[in-house]
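S.K.: Got a structure for you, questions after.
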Amino acid sequence: MRKHVILLAVAFLFAITIMGSASATDTSSDSYLSGQEVTDSAMANSNLELDQSDANLVITTAGSATLNDESTEDGAQAVVDTTSSLAADQAITHGSGNLLSINDPNGDLTYTFVSLATNGALRAQTYTVTGTGSSYTISNGDSVYIGSDMTQDQWNYALSQLGANAYNIISIANLWANGAPADLMAETFTTEGINSGTIANYAMTRSFALTYPTGSNYVITNAGGLDDDALMYGTFGFNEILFSTSSGIPGETAFINYNTDDDSNRYGVLALMMVNDLTSQFEAATGTSVVAGTLSEIQYNLYILNLLKTNPAALFTVETLKTVNEADIAYLWYDEALGYGHGIDHDYIAGLSEASTTWNTDVIPVTDYEGMFALGQQAFNSAYSSGLFTAEDLAAGNVAVVLAPYYVNLLNTYSLVGFIDGIVSAGQEALSAAGITNAVGFTIDNILQIRNPWTWSSNIMALFVKVDPASRATYAQTRDIDSLIINGVRTNTAYNASTNDYSLTTSAIRDISPSQIATGGFLGGSFVIPAVAGIQYAWAANAPYSYIRTIGRVGCICSTKEYDLSSYLQGQYPLGANELYTILALTAAGETNRQISGRTAGWGVSPSQGTYYAMQSSDSTYPIILIIWDDATNTGKAMLIQYDATAINDAMKAEGYTSYKQENGLFWHLDQVWNNGPDAGLLASAITVFKTVNIDQAFLNDLTAAGGDPIQKMLTYVEPVTPVTPVTPGTTTQGTTGTGLAAISGALGNAWNGLTAAASTAGTSTATNEIAPGLPLEQGSSAATGTSTSNASLPLSIIIGVICLLIAGILAYLGRDTIVATLKGHGRPGK
C-alpha cells in the first residue's frame, strides 16, 4: 500500500520540484537569461524606443508560468534589473505599478513591452519564451502602434503581431497610458484583461466599501464578464466572502454589510447594484457604435475610465438598498436547514424593508509616488540604522522585507505606489556606500508582498528580517524549522489626518526565530501577526516560490490546504488541448477573502473570467468541485473532491508539530513535504476524487446556480445513456471571459463598427476570430504559431499495445496485489 501511495504522489512531487526556490534570484536560470534577452531586445528596438519614452509598461506571465519545468519569477526580476539603466520614469519596478502580472500557471511565458512616447504615441511588442527541455527559444512579433486612434490597417496588424492575448493587451495598455489607478490595473492578475465592466465594478465595489467601512461583508455575483474581482484586491481588507454563481443578471452584484448581536444573529444592509450600460450615451457623444472585441470597445473603455475619474457614480446604479436580519441573510446566503442559499432572489429582496444612506463615491485613491517613495526610503534607513543587518547581509540574500502590496491603499484612500521602490532604492544606496556594486539588495524573491490588512489598513507596517546564514545552511541539512535563527525590526509609518503628514516609529530588534514562538511573546498585536511572520519563515526555509506568491495573495498562513489541492490535482489532472480549469469552491462558514485568493492564485481561475464559482458547503468533507472544461466542444468532466486530513494530522502529531500555535501546518510542510520532503506522499491519502461525471453546458449551469446544493447535485447526477452531444463551438459560453459587452450587441460580424469606410469591406470568415470578431483569422492570429497533435486518430492496435505495456510495467513495479486493489477502485478517480 505504501508503494501505491508513493506512486500516486509522483505527480505532486514533480510539481513541487518545478515550483522554484524563494531564497534568491538565480541569474543563471533559463527564466532570468531569457527575460534578460527579451528585455535587451526590446530596449534595442528603435521603433519601441523604451529609452526615449515618457513611461513604459510590461505585461507578463513571469512568476506564474513555467519554463523547462522551473518557475519563472527570475524572468520578472531580469526585466527589472535590465531596465534599471533607463531613466527613473522609464524603468520597470516592483512598486510603481508598471509591472503587471498575469496569473496563467498553465500558459506560455510571455512578455509584452509597452512604451508611451512623449507625444502620446503608444506602441507594444510581445515576446514568447518556449522551453526546449535543456534551453529555450524566443519568438516575437513586430513592435506595433496600438493607440486608440488606430487605422484599420494598424488594428489588423497589431492583432496579428501581439499574440493570442492581443485584444486584452491593447485594452490594458490604453487604460494604463490614460492614467487608470494602480489598484484597478492590478486586477489584470486575475482578469487577464480590463473592460468597461471591470472599471464599473471597481467603482461600485469601492463605493460600497467606503460607505460601509466597518463590519463584515457578503458579496453575491454572477460570474463572468470581467466584472467581479475588485473585492480581491484589498478593498474590504479581509472582511468579505464571495458567493459566485451562474445565476442572476450579468453585471449585477448584491453587497451585504452586517454585524452580529450578542446572540450571534447577523443584521445589516443589502445593496443591489448594477453596472450601467452607457453605450448609447457614448454613441451619442462620439457617433461611434460599440461592438464587443473591436477598437470601438477600446474607445468605450477609455470613455468609462474618464467617467471613473470625473463622475464615478455614473458607472453604476444602486437598484435597491434594504435592511436585512439573520433570517434574510440565511435565506440569501446559506440556509443550514436546506444546505444552500438562494442568491440574488429579486422577489425576496423586493419584500425587504427600505434603507437609506449617503453614498461615498470618492473611489479614486490619492496617488503620491514621490511621497511614498520617500517614506519607503525612511523605513529602510531606520531599519538599517538599527543594526539588524549589514550591507553584506543584504547583498548575500539574507535580508527580506514583509510589507503590503503596491496596489493597496492606506485607510482605503492613499495609494502605496512608490513605497516599495523607496525601500529598494535606499537598499541599493546602502550597498553602494559599502562599496558593493555587483549585487541587488531587494528582488522579487525577498520583497515579500502580503495582502494582509495589518500591513496597510491603519498604518504602513513593514517587517525587516535577517536570517542567520549558518542556521539556514543547517536547516537545509536537518529540515528542522527550529534550527533557523531569525531576527526582525518592525517599522510603523502612521498617517496623521489633522496634519496630513506621516510619522515613523521603529521597534527594537526582536528574536522571532521559530523556536521562540512558544515563549517569545512576539506573535500577535505586540510585534507581528502570524501571517506576516509566516511568509518570512517560508522564505527563510526556501519554500517553493509558487507558495510564496500564494501566501502573498492569501495574506494568511492558512493557505497550505488550498495550495496542496491546486498543486496535487493539477499534477494528477493536467490540461489537454482546448481545456481549462474551472473551480466550484465549497466554502466554509467562517471563510473570508483569504481562501478565494489561494484558489485563484493556485489554479489561475477567477470569478471575472467565469472560471471560479463559490457557494457555502453543506459538507466540509468536500472542499471543491473541479471541472475540466473543453472550450472546443463545450463539454467537460466534473470531479467532486474529498479531503481527509486524518493521515496528515496524525503525522503532524507524531512528528511534534503541535506547539507552534497557528504555524503547525506551515512548518510541517516546510520540513516534511515541500522540496521532496519525506511526508510528501501523505497528500495522496488526503486528496481523493469521490465522484467524476461527464457534463455538458446545461448541467454546468445548473451545478453552479444558486438555489440548490451542488454536492447533492453531483452525488445524484446520472449521466445520460447516450453520449453528451457537443455544442457547436461559439454558440454558447461558460461565463463571459473576453468582454463585458457581449450581451450589449449581437453585431459581432462587424470588425470595424463604422469607424471608417473600411468597415463594410473588412472581410468575412466562416471561422470565429476570438480576438476581433469578424476579422479573418489570418489577420488576427499570433505571429508566433505552433502545432499540436492528438492521439485521437491513432490505430486501435497501437493504443492497445501501449496500454498493455503500461500495465506490464506497473505490475512489475507494484506487484499483483496492488494492481488488483487498484482495479477494485482504491484510489481510482470516481471512487
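Heads up, the sequence shown is in this note's numbering, so the first residue is 206 and it goes up one at a time. Just so you know, even glycine gets a beta-carbon here, dropped at the ideal spot from N, CA and C.
(1) Please identify the residue among D685, R684, N664, P674 whose C-alpha is closest to the C-alpha of Y700.
(2) Report yes or no: do the region 378-386 and the region 501-520 share at least 3 C-beta pairs separated by less than 8 Å?
(3) Given D540, which residues of its chain have a CB within under 7 Å of its CB, disregarding the five upstream and five downstream residues?
(4) Note down, in chain order, each residue of its chain lying with its Cβ closer than 8 Å to the Cβ of L512, except the 5 sequence neighbours on either side.
(5) Whole-angstrom Cβ separation of N373 and A806, contact assumed at under 8 Å?
(6) Going straight from the alpha carbon of T696 to that of A584, what length do you get?
(7) Pick out whichever of D358, Y362, D855, Y407 has its Cα sitting closest to the Cα of D347.
(8) Can you give me the start and stop residues for the beta strand (DSSP E) that Q654 sits inside?
(9) Taking the straight line between their C-alpha atoms, what separation do you get for K514 and V523?
(10) Is S764 buried or exposed, if buried means 16 or more other CB atoms sit within 10 Å of its CB?
(11) Quick check: the Cα distance between F732 and I762, rounded to an integer number of angstroms?
(12) Within the same chain, show all residues whose beta-carbon is closer than 6 Å to that of D884, passing over the 5 residues directly before and after it, in chain order.
(13) In its own chain, which residues sit with a C-beta less than 6 Å from the C-beta of Y922, not counting the 5 before and 5 after it?
(14) Suppose you measure from the CA of A322 to the CA of P386; what does that come to, to the nearest Å?
(15) For the candidate residues Y350, S620, A903, whose alpha-carbon lies nearest to that of T840?
(16) Taking C-alpha atoms, which residue in S708, R804, A326, M666 lies nearest to V349?
(17) Excluding the 5 residues flanking Q800 on each side, which residues of the same chain have their C-beta closer than 8 Å to its C-beta?
(18) Should the region 579-597 be regarded as contacting the region 664-680, the criterion being three or more beta carbon pairs within less than 8 Å?
(19) With DSSP as the reference, label P658 as helix, strand or coil.
(20) Between S813 and A852, which are expected to be in contact by the criterion C-beta below 8 Å, what is the C-beta distance as a whole number of angstroms?
(21) Have a look at A819 and T403 and give me their C-alpha separation to the nearest angstrom.
(22) Need the endpoints of the alpha helix (DSSP H) that G280 sits in, please.
(23) Quick check on DSSP: helix, strand or coil for F669?
(24) For A579 and D573, what's the separation of their Cα atoms in angstroms?
(25) Using a 10 Å radius around the Cβ and a threshold of 16 neighbouring Cβ atoms, would you call K671 buried or exposed?
(26) Does the beta-carbon of S276 have 16 or more other beta-carbons within 10 angstroms, so that it is buried, or is it exposed?
(27) Please report how far the alpha carbon of T797 lies from the alpha carbon of Y423, in whole angstroms.
(28) Return the residue from the list L636, S233, W564 that minimises the CA-CA distance to T1039.
(29) Could you tell me the distance, in whole angstroms, from the CA atom of A956 to the CA atom of S365?
(30) Please state whether DSSP places I846 in a helix, a strand or coil.
(31) Tell me whether N1056 sits in a helix, a strand or coil according to DSSP, three-state version.
(32) Can you find the residues in the same chain that come closer than 7 Å, C-beta to C-beta, to S449, ignoring five residues on each side of it along the sequence?
(33) Using the DSSP secondary-structure output, state which residues sit across from Q330 in a beta bridge.
(34) On the DSSP bridge list, what partners appear for A459?
(35) F872 lies in the alpha helix (DSSP H); which residues open and close that run?
(36) According to DSSP, what are the bridge partners of W808?
M.R.: Considering the structure as presented:
(1) The shortest C-alpha separation from Y700 is found at N664.
(2) Output reads yes: the region 501-520 touches the region 378-386.
(3) G546, listed in sequence order.
(4) Closer than 8 Å at the Cβ level, and outside the excluded window around L512, lie L483, A519, L520.
(5) In fact, because the Cβ distance is near 19 Å, the residues do not count as touching under 8 Å.
(6) Going from the Cα of T696 to the Cα of A584 covers about 6 Å.
(7) Measuring from the Cα of D347, the nearest candidate turns out to be Y362.
(8) DSSP places Q654 inside the beta strand (DSSP E), whose first and last residues are 652-654.
(9) Taking the straight line joining both Cα atoms gives about 19 Å.
(10) Around the beta carbon of S764, a 10 Å sphere encloses 16 or more other beta carbons of the protein chains shown; the residue is thus reported as buried.
(11) Rounded to the nearest whole angstrom, the C-alpha separation of F732 and I762 is 17 Å.
(12) These residues qualify, in order along the chain: A856, Q877, V878.
(13) Closer than 6 Å at the Cβ level, and outside the excluded window around Y922, lie V898.
(14) A direct Cα-to-Cα measurement between A322 and P386 gives close to 20 Å.
(15) Minimum Cα-Cα distance from T840 among the listed residues Y350, S620, A903 corresponds to A903.
(16) Checked all of S708, R804, A326, M666; the closest Cα to V349 is A326.
(17) Closer than 8 Å at the Cβ level, and outside the excluded window around Q800, lie V759, C763, S764, E767, A790, T792, A793.
(18) Result yes; three or more Cβ-Cβ pairs closer than 8 Å.
(19) Three-state result, P658: helix.
(20) The pair is not a contact, with the Cβ atoms about 36 Å apart (cut-off 8 Å).
(21) The alpha-carbon atoms of A819 and T403 are separated by roughly 19 Å.
(22) Taken as a continuous stretch (DSSP letters only), the alpha helix (DSSP H) holding G280 covers 278-288.
(23) Strand, per DSSP.
(24) Distance from the CA atom of A579 to the CA atom of D573, rounded to whole angstroms, is 10 Å.
(25) Buried, since its Cβ has 16 or more Cβ neighbours within 10 Å.
(26) S276 comes out buried.
(27) Answer to the nearest angstrom: the Cα atoms are 9 Å apart.
(28) Since the first residue of the chain shown is 206 and the last is 1036, residue 1039 is not available in this structure.
(29) With a pLDDT of only 35 at A956, under the threshold of 50, the placement of this residue in the model should not be trusted; the figure read from the coordinates follows. Their Cα atoms are separated by approximately 14 Å.
(30) Three-state result, I846: strand.
(31) Nothing can be reported for residue 1056: it is not among the residues displayed for the chain, which extend from 206 to 1036.
(32) Closer than 7 Å at Cβ, skipping near neighbours: T426, A428, D433, P812, Y817, Y818, A819.
(33) Beta-bridge analysis with DSSP links Q330 to F318.
(34) According to DSSP, A459 bridges with I425, L477.
(35) For F872, the enclosing alpha helix (DSSP H) stretches over residues 869-873.
(36) Answer by DSSP bridge pairing: none, since W808 is not bridged.
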